[in-house]
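Novice: Protein chains in written order, with our numbering: chain Y, -7 to 450; chain F, -7 to 450. Quick one: the structure is below, and I'll ask about it shortly.
Structure below.
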């Protein structure tokens, strides 16, 4: 493999250019910007490595599906997504979000971390392997979806309609990072679930002069009071039954969580905060991050929010709420409990608009595929990786994998300073190059995959 | 006076054109749009009726001051403002806010009701009087300020720096209306005070991925919890000491409030609401509207509020709060009580940005100037007026009048469907013409002003 690694280093500039090309193409699924052009960029890169590419239609944006090396004994799948989050607030970006800029050893661009960096690293790894060694020893499948940032509404449709294309022996999932100061790579075995909703409260049919607030109901106040019943200052979520289905952590879970890297001082400095929620630190912090559900206000808006003052009684108030779920919570049940809660607390007039939901997902840490990935990480990185029971974020893994026993592992090129979903998203160039190498190593080590061992641990 | 009234009716189209010219000139003080051009419009109209016009500099927008008929025994002052509220939300306007449009007997334009309609009615009345009768029997002063919609920060400066220009025997204030179905004119004797502030809560230095909400504080939640401590669902304001200084209503106050017109069914239909706050109606509703203080969310904003979903942990949350005050609450004390309240409830990190404040103001209902105005209303309108102890809205009256014993009365051309501060602001053309007539009647009746009676009742 050293020759492949050497080739990757020698051609780093080319692989960086490929990534820049991918990042410079906007592809904001929430706003339908650049999605068609982005597909063409993907098809070109997949075509260049000899993949057979298909555009699998869905009711939304299509899945770009590729296959390479048909006929080998084992199959490895790469799941990635080609859409990105909206780039606002634009005024906080130091360079154009869709014009990648290299500063201080990093590439700054919307999508560089989430997750065009990973997507391109997979493609570049295969390219390098082919250039140095030739034909791949395994089959490779690519599942590149265009709706991950809006909750992957059609990924389940893909899994149901194309069971042959879903069939695989292991999946490298998108979304991996490493720590900021502690540079060990994170190997993720799962994700939290999510239930994302918008609550809407309506008042008079249009905004009124605020003097009328003496006698006319204010939907902003009603929404505030409703929200205050959902979670208290001790961060306890007050929805009846919310915690009922949560599995307590196993000893293995706790052991994995305990080994997780989290440089509290570095994060505090990075985010300019004095401390963490509820003053947690150490193992308690790691457990909150990976194993506690959340209820988060992602956005709230009512009335006049511009410059200066305006004496207005708003006619509408809206809030976007994001619940992160842990095994075995489900988004459907949480949405129902929320509806019940609002009704029981006298807020039956508040409308719930479901946005997207996702189940939690965890791969068994003893699966031999996990060992393949760990071996590959050892081949490339100086330090041993950190194994995460699950990431704090969510992912549509369950939509492809629920009902199968396919193992999925997350490794990637981002780091904890990558500003996911925020201004100045970026990755380190070094991480990108390492990410190409580790993908190449997985392809090679996959032949050592102890397939027969799987039945023992499932 | 019938000749003057006839002249006004015969020249209605011209006076409407004058108003349209004034409305079509934007003059948004909060955003510094069109203010300079608006001054020139005023100077032209005041010049046309022979007034000596001065631009009185302040640290903000100047006061356009005019005098007419120097040397007469008595002086009447017209206070108006030439600035208007911002016009958003623009998408709810049926015609351009700054391109006045006549539909169904109404003039639709930002500022038509608040208060270019009143301002122009005063000028037109003098014009008509001059054309028909000639020289005015009284001195007239015009105080047209440009900062009413941002809290009149420099009107007190005017009163202090120009005591000679302030000197007068009575003021016709801006802001009058009539009911929607019950068409009786409202004669207002005062206003509520106001304390308008912005609260700001800060979290991490930039927006983060919402998965981090498990361990990083969310300023939106903190602001929600803080707001929920300010007012409960029973509409009780929970700030300690908030109600302490309020004067209980006198029997005269209650009597005036009881005679107030309020067509509850019409308002419910107009605003598309099922009922009023706390299910009040009748005298209880009128007392809430005129004599109860309020705490109103005029605007709140945090995180992502655009289309679609964005999984973000906000770094900032802001709310605009408007307290309406009644005698003898003061904005300074309310702001201090709010600061104390936040600190006592563990929200010392929430910053208070003062925006503007105003004291409540009430003219003695027995003042003979009130009788002059009531007589003039009788001369023009078929039905007797409704006398309001005070309007539900606020006004900078106290800034000119505190420490003097000058009586001030509000009459005007708007109605309860005028959409003050909201989209599709409008007045009826008929009300505008009547407003010109009643102003002319006040000028005439002012000679019957029983000046000597004033000392008896003060």
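C-beta: ideal position from N, C-alpha, C; glycine also. Remember, predicted model here, so these are calculated numbers, not experimental data.
Along the chain, where does the alpha helix (DSSP H) that runs through residue 368 of chain Y open and close?
Specialist: Working through the first chain from its first residue, we reach residue 368 of chain Y at position 376. Counting along the chain, the alpha helix (DSSP H) containing residue 368 of chain Y begins and ends at 360 to 372.
Novice: In this structure, what does DSSP give as the bridge partners for residue 378 of chain F?
Specialist: As a working note, residue 378 of chain F is residue 386 in the second chain. Paired residue(s): F/178.
Novice: If you follow the alpha helix (DSSP H) that residue 13 of chain Y is in, where does it begin and where does it stop?
Specialist: On the first chain, position 21 is the one that residue 13 of chain Y refers to. Counting along the chain, the alpha helix (DSSP H) containing residue 13 of chain Y begins and ends at 4 to 16.
Novice: Is there a Cβ from chain F that is less than 7 Å from the Cβ of residue 187 of chain Y?
Specialist: Indexing the first chain from 1 puts residue 187 of chain Y at position 195. Cβ-Cβ to chain F under 7 Å: no for residue 187 of chain Y.
Novice: For the alpha helix (DSSP H) that residue 227 of chain Y lies in, which residues bound it at each end?
Specialist: Here the question's residue 227 of chain Y lines up with position 235 in the first chain. Where residue 227 of chain Y is concerned, there is no enclosing alpha helix (DSSP H), given that its DSSP letter is neither H nor E.
Novice: Could you say which of F/304, F/367 and F/378 lies nearest to residue 255 of chain F if we only look at CA atoms?
Specialist: Along the second chain, read from residue 1 onward, the residue named residue 255 of chain F stands at position 263. Checking every option, the nearest Cα to that of residue 255 of chain F belongs to F/378.
Novice: Mind listing which residues of the segment 79 to 91 of chain Y have their C-beta closer than 9 Å to chain F's C-betas, in chain order?
Specialist: Answer set for the segment 79 to 91 of chain Y: 80, 81 and 84.
Novice: Going by CA-CA distance only, name the one from Y/297, Y/-5, Y/46 and Y/96 that's closest to residue 122 of chain Y.
Specialist: As a first step, residue 122 of chain Y must be located in the first chain, where it is residue number 130. Among Y/297, Y/-5, Y/46 and Y/96, the Cα nearest to that of residue 122 of chain Y belongs to Y/-5.
Novice: So what's residue 438 of chain F in DSSP terms, helix, strand or just coil?
Specialist: Counting from one through the second chain, the residue named residue 438 of chain F turns up at place 446. Note: residue 438 of chain F maps to helix in three-state DSSP.
Novice: Have a look at residue 126 of chain Y and residue 313 of chain Y and give me their C-alpha separation to the nearest angstrom.
Specialist: Taking the first chain and counting its residues from 1, the one referred to as residue 126 of chain Y is at position 134. Taking the first chain and counting its residues from 1, the one referred to as residue 313 of chain Y is at position 321. Looking at the two C-alpha atoms, the distance is approximately 49 Å.
Novice: Pick helix, strand or coil for residue 402 of chain Y, following the three-state DSSP scheme.
Specialist: Counted from its first residue, the first chain places residue 402 of chain Y at position 410. In this structure, residue 402 of chain Y counts as strand in the three-state DSSP scheme.
Novice: Could you pull out every residue in the same chain whose Cβ sits closer than 6 Å to the Cβ of residue 431 of chain F, ignoring the five residues on either side in sequence?
Specialist: Looking up residue 431 of chain F in the second chain gives position 439. Cβ neighbours of residue 431 of chain F beyond the five flanking positions: 113, 114 and 117.
Novice: Between residue 103 of chain F and residue 15 of chain F, is the Cβ-Cβ spacing less than 7 Å?
Specialist: The count along the second chain starts at 1 and reaches residue 103 of chain F at position 111. The count along the second chain starts at 1 and reaches residue 15 of chain F at position 23. A contact, by the Cβ cut-off of 7 Å.
Novice: May I ask you to verify whether the segment 406 to 422 of chain Y touches the segment 186 to 193 of chain Y, counting CB pairs closer than 8 Å and requiring at least 3?
Specialist: With the cut-off at 8 Å, the segment 406 to 422 of chain Y and the segment 186 to 193 of chain Y do not touch.
Novice: Under 8 Å by Cβ, that's how I've got residue 181 of chain Y and residue 354 of chain Y pegged, so tell me the actual separation to the nearest angstrom.
Specialist: The sequence position of residue 181 of chain Y within the first chain is 189, counting from 1. The sequence position of residue 354 of chain Y within the first chain is 362, counting from 1. So it is a contact: roughly 6 Å between Cβ atoms.
Novice: Please list, in chain order, the chain Y residues whose beta carbon lies closer than 7 Å to that of residue 77 of chain F.
Specialist: Here residue 77 of chain F refers to the residue found at position 85 when the second chain is read from its first residue. Under the 7 Å cutoff, chain Y gives 302.
Novice: What ranges does the alpha helix (DSSP H) occupy inside the segment 92 to 155 of chain F, keeping only unbroken runs of at least 4 residues that lie completely in it?
Specialist: Within the segment 92 to 155 of chain F, the complete alpha helix (DSSP H) runs of at least 4 residues are 109 to 124 and 147 to 153.
Novice: Check whether the Cβ atoms of residue 388 of chain F and residue 230 of chain F sit closer than 7 Å, and answer yes or no.
Specialist: By one-based count along the second chain, residue 388 of chain F stands at place 396. By one-based count along the second chain, residue 230 of chain F stands at place 238. Not a contact, by the Cβ cut-off of 7 Å.
Novice: Closest by CA to residue 348 of chain Y, which one among Y/143, Y/62 and Y/393?
Specialist: Residue 348 of chain Y sits at position 356 when you count from the first residue of the first chain. If we check each option's Cα against that of residue 348 of chain Y, Y/143 comes out closest.
Novice: Alpha carbon to alpha carbon, how far is residue 163 of chain Y from residue 266 of chain F?
Specialist: Taking the first chain and counting its residues from 1, one reaches residue 163 of chain Y at position 171. Taking the second chain and counting its residues from 1, one reaches residue 266 of chain F at position 274. Residue 163 of chain Y and residue 266 of chain F: Cα-Cα distance of roughly 56 Å.
Novice: For residue 265 of chain Y, return the contacting residues in chain F, with the cut-off set at a CB-CB distance below 9 Å.
Specialist: Here residue 265 of chain Y refers to the residue found at position 273 of the first chain. 195, 196, 197, 208 and 209, listed in chain order.
Novice: From the DSSP output, which residues share a beta bridge with residue 291 of chain Y?
Specialist: Taking the first chain and counting its residues from 1, one reaches residue 291 of chain Y at position 299. Looking at the DSSP assignment, residue 291 of chain Y forms a beta bridge with Y/312 and F/295.
Novice: Taking the C-alpha atoms as reference points, what is the distance between residue 212 of chain Y and residue 36 of chain Y?
Specialist: As a position in the first chain, residue 212 of chain Y is number 220, starting the count at 1. As a position in the first chain, residue 36 of chain Y is number 44, starting the count at 1. Going from the Cα of residue 212 of chain Y to the Cα of residue 36 of chain Y covers about 50 Å.
Novice: Given a cut-off of 7 Å, decide if residue 251 of chain F and residue 381 of chain F are closer than it, judged by their beta-carbon atoms.
Specialist: Residue mapping note: residue 381 of chain F aligns to position 389 of the second chain, counting from 1. Residue mapping note: residue 251 of chain F aligns to position 259 of the second chain, counting from 1. No, the Cβ-Cβ distance between residue 381 of chain F and residue 251 of chain F is not below 7 Å.
Novice: Could you compute how far the alpha carbon of residue 169 of chain F sits from the alpha carbon of residue 209 of chain F?
Specialist: The residue labelled residue 169 of chain F in the question sits at position 177 within the second chain. The residue labelled residue 209 of chain F in the question sits at position 217 within the second chain. Cα-Cα distance, rounded: 47 Å.
Novice: Residues of chain F with CB closer than 7 Å to the CB of residue 205 of chain Y, please, in chain order.
Specialist: As a working mapping, residue 205 of chain Y is identified with position 213 in the first chain. Within 7 Å Cβ-Cβ: 286 and 288.
Novice: Do you know how far the Cα of residue 215 of chain F is from the Cα of residue 342 of chain F?
Specialist: The residue given as residue 342 of chain F occupies position 350 in the second chain. The residue given as residue 215 of chain F occupies position 223 in the second chain. In a straight line, the C-alpha of residue 342 of chain F is about 8 Å away from that of residue 215 of chain F.
Novice: Between F/1, F/68, F/187 and F/171, which lies nearest to residue 345 of chain F when the distance is taken from Cα to Cα?
Specialist: Here residue 345 of chain F is taken as the residue at index 353 of the second chain, counted from 1. Selected option, being the one with the closest Cα: F/187.
Novice: Write down every uninterrupted run of the alpha helix (DSSP H) in the segment 189 to 251 of chain F whose length is 4 residues or greater and which is fully enclosed by it, in chain order.
Specialist: With a minimum length of 4 residues, the continuous alpha helix (DSSP H) runs that stay inside the segment 189 to 251 of chain F are 211 to 220 and 243 to 251.
Novice: If we count the other Cβ atoms within 10 Å of its Cβ and call it buried at 16 or more, is residue 54 of chain Y buried or exposed?
Specialist: Working through the first chain from its first residue, we reach residue 54 of chain Y at position 62. That one is buried.
Novice: Please check if any C-beta of chain F sits within less than 7 Å of the C-beta of residue 213 of chain Y.
Specialist: Locating residue 213 of chain Y in the first chain gives position 221, counting from the first residue. Answer yes: the Cβ-Cβ gap between residue 213 of chain Y and chain F drops below 7 Å somewhere.
Novice: Quick check on DSSP: helix, strand or coil for residue 390 of chain Y?
Specialist: Here the question's residue 390 of chain Y lines up with position 398 in the first chain. Looking at residue 390 of chain Y - three-state DSSP - the assignment turns out to be helix.
Novice: Quick test of your reading: residue 435 of chain F and residue 12 of chain F, contact by CB under 8 Å. State the CB separation rounded to the nearest angstrom.
Specialist: Sequence index remark: in the second chain, residue 435 of chain F carries index 443 (1-based). Sequence index remark: in the second chain, residue 12 of chain F carries index 20 (1-based). Going by Cβ atoms, the distance from residue 435 of chain F to residue 12 of chain F rounds to 24 Å, so no, they are not a contact pair.
Novice: In whole angstroms, what is the alpha-carbon distance linking residue 376 of chain Y and residue 253 of chain Y?
Specialist: For the purposes of this step, residue 376 of chain Y is identified with residue 384 of the first chain, where counting begins at 1. For the purposes of this step, residue 253 of chain Y is identified with residue 261 of the first chain, where counting begins at 1. Spanning the two alpha carbons is a distance of roughly 11 Å.
Novice: Exposed or buried, what is residue 374 of chain Y when buried is set at 16 or more other beta-carbons lying within 10 Å of its beta-carbon?
Specialist: As a working mapping, residue 374 of chain Y is identified with position 382 in the first chain. Result: exposed.
Novice: Quick one: what does DSSP say residue 55 of chain F is sitting in, helix, strand or coil?
Specialist: Counting from one through the second chain, the residue named residue 55 of chain F turns up at place 63. Correct three-state label for residue 55 of chain F: strand.
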